[in-house]
Amino acid sequence: MSGFAQVVRAELFKVVRKRRTYVIAGLWWGLLPALGLIIGRLVYVNLGASFANEAGGIDVAVQQIASPFGLARIALVGPAYLAPTFYIIVITLFAALLIGEERGHAMWKTVLVAQPQRFAVMAGKVAVAMLALGGLLLGAALSAALLGAIGMTFLPTDWSGEWGTLAGLFALQWAFSLTGVLFAFLMVFLFKNMVLGIVTVYFLPGLLEGLYSIYAATVGFQPVNRLNVFFQTIALQQRLEDIPRYFYTANAYAPARAPVSDLLAGLASGGADIPPDAIGQLLGTSITLPHAALVMGGYAVAFGVVLFWRFARHDVE
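The working numbering applies: residue 115 is where the sequence shown begins, and numbers increase by one.
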């Protein structure tokens, strides 16, 4: 058996034995879709027979929220709008397990004696983190669809929806998560304190992006006077719109946030007065998926090169 396969087998054994894996699964697979189903039920019971549903708007809203497709979509979208996002929380917990515990318990020498190929060790750990995240995403989609099917017995919902597109977004969000895995592994490995590494993963990207936004918005502008104030305002607005296009946090969850536009459009078609285009930038849905893929690919290469180079050359304890 190759060194990579040995590492994958050993780390998978570690992941399935840890309580955190099942806590994450319980929250993602059970609590989130159950909450969506409860909200859909409350909306239908309280408004389904009222004047608000004369044009069928409430039925459409319930279909968007509590149908099998709606709950599966919530399982993808919901974690992307927490702060920090549930995706990065899950990634960091696995990084702490797969990288931090070896350093915390001074086990790196033992690990590298058993498997001296450092590239195989790190690649295997990254692969296991991606497999664990993929399993959680798949389970979230299936459990949400199952609860939605149960909800069909007491709600006016059905199986309709663009399932192929949603499956592609799940897969794309999983692929985008590789960048987060590499970044979390790098931070946890560089900081000998596991807690400090976790806090860095959560808050360093946002802090750096905020500082750069302030710098870019305040440097390079001419003094404002009555003649150029309009053009300076337009330039500032354009700059503030362009700056986040290359930020990690603005691109990392683009696939998960992409269905929000369709959700708002569906609610609007049911009679809700919601302008999806007007709040697309606010909800983080204005960045196209091809652009986000290029940006995240660049970040993944940068983080991966530094991580593997540092791990290969660093004297571990």
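For each residue, glycine too, the CB sits at the ideal point set by N, CA and C.
None of these values were measured; they are calculated from a predicted model.
* To do: For the alpha helix (DSSP H) holding residue 332, just list the boundary residues, first then last.
  => 308–332
* How is residue 215 classed by DSSP in three states: helix, strand or coil? -> helix
* Would you mind sorting residue 143 into buried or exposed? The rule is 16 or more other CB atoms within 10 Å of its CB. => buried
* To do: May I ask you to report which of helix, strand or coil DSSP gives residue 118?
  => helix
* Asked: DSSP state of residue 201, grouped into three classes?
  -> helix
* Verify whether the separation of the beta carbon atoms of residue 209 and residue 298 is less than 8 Å. => yes
* Taking just the CA atoms, how far does residue 413 sit from residue 293? -> 6 Å
* To do: To the nearest angstrom, report how far apart residue 193 and residue 337 are at their CA atoms.
  => 43 Å
* Check each candidate in 116, 369, 323, 162 and name the one with the smallest Cα separation from residue 233. => 116
* Asked: Cα separation between residue 367 and residue 408?
  -> 13 Å
* **Residue range of the alpha helix (DSSP H) that includes residue 239** => 232–265
* Run of the alpha helix (DSSP H) containing residue 190, from where it starts to where it stops -> 182–191
* Rounded straight-line distance, which links the Cα of residue 370 to that of residue 287 -> 6 Å
* To do: Express the C-alpha separation of residue 214 and residue 277 in angstroms, rounding to a whole number.
  => 38 Å
* To do: With a cut-off of 8 Å on the beta carbons, I'd call residue 272 and residue 164 a contact; round off their distance for me.
  => Not really, about 22 Å apart at Cβ, beyond 8 Å.
* **Assumed close pair residue 269, residue 155 - CB separation to whole angstroms, cut-off 8 Å** => 6 Å
* To do: May I ask you to check if the CB of residue 122 is nearer than 7 Å to at least one heavy atom of the ligand NAP?
  => Of ligands this structure carries none, so the ligand NAP is not represented either.
* Asked: Does the distance from the C-beta atom of residue 122 to that of residue 295 stay below 8 Å?
  -> no
* Asked: In the structure shown, what three-state DSSP assignment does residue 421 receive?
  -> helix
* Outcome for residue 342 when other beta-carbon atoms lying within 10 angstroms are tallied against a minimum of 16 -> exposed
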